[in-house]
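In my numbering, the protein residues as written are 2 to 297.
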């Protein structure tokens, strides 16, 4: 086993070790809060960063920091993550008109494919110094008075309504629902706006989860854990803290701590999809969600 393989093995073992420590609803919410900062990183790399520095908030590689006008402080310890290695390969290109035949050389094209992984290092912003001029604007606290929360809710509702019919209902004990057959999302219209935001995100997460994993054998409690975890992550990214509600909700559906390990990758992917789609939408209110927190 060469040195790179040893580092990869150590990184994978670190992921497993860290996962083993997440066995309560409090641990899970603490990790989700961290994940909201690193939503564009893979689940494995988020866990790796978390296990090495749970206080990290924004990371980049050595050269990337230099390009932003900052430098890594002397003696700073890098955080190991796994990066894909690519190689070029020739593949035959399917002709647009399949009735036509061409020579083999003319049908070839070069593509990059993943050939493996290697360990690389990133550094948290706290371990750097220099100019702040080129740093992206990070989201900090959109929560405020009820008018601010109302605006976030209305904009979210308009965004989600492009995919699903969203209706407000009254006279029901349930705070919200997602109809698997019709795709309709319902939210109780008499709730406070912060609760409506959380509920809307919860039901939208259900819709995306069922689309990604339509298998009928996924348990109800697993579906609920995914939806509430995603709602918590996205709300955190919007500057809204729903932990007081999400903690008890997750606890009520958490039958087995091992389920958190099973759903973690799905939570990461669904959260990233919602946040990235909001950032790329035409609504300028969400434009500051888009920042350069991408894998090196």
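Built from N, CA and C at the ideal position, the CB exists for glycine as well.
#### Entry: Backbone CA spacing between residue 239 and residue 3 [nearest angstrom]
44 Å
#### Entry: 8 Å Cβ cutoff met for residue 23 and residue 39
no
### Task
List the whole-angstrom C-beta distance separating residue 281 from residue 254, where the pair is believed to meet the contact cut-off of C-beta under 8 Å.
No, residue 281 and residue 254 are not in contact; Cβ-Cβ is about 31 Å, not under 8 Å.
### Message
For residue 251 and residue 207, I'd like the C-alpha separation in whole angstroms.
### Response
15 Å
### Query
Which residues in the same chain have their Cβ closer than 6 Å to the Cβ of residue 190, if we skip the five residues on either side of it in sequence?
169, 171
### Query
Should residue 177 be labelled buried (16 or more other beta-carbon atoms within 10 Å of its own) or exposed?
buried
### Task
Would you check if the distance between the CB atom of residue 30 and the CB atom of residue 233 is smaller than 8 Å?
yes
### Task
With a 10 Å radius around its C-beta and 16 neighbouring C-beta atoms as the bar for buried, classify residue 119 as buried or exposed.
exposed
### Task
Kindly identify the DSSP beta-bridge partner or partners of residue 88.
114
### Query
Apart from the five residues on each side of it in sequence, which residues of its chain come closer than 7 Å, Cβ to Cβ, to residue 48?
16, 19, 20
### Beta-ladder partner(s) of residue 126, from DSSP
BP columns for residue 126 are empty, so no partner.
#### Entry: For residue 156, the nearest candidate out of 213, 249, 197, 113 (CA to CA)
197
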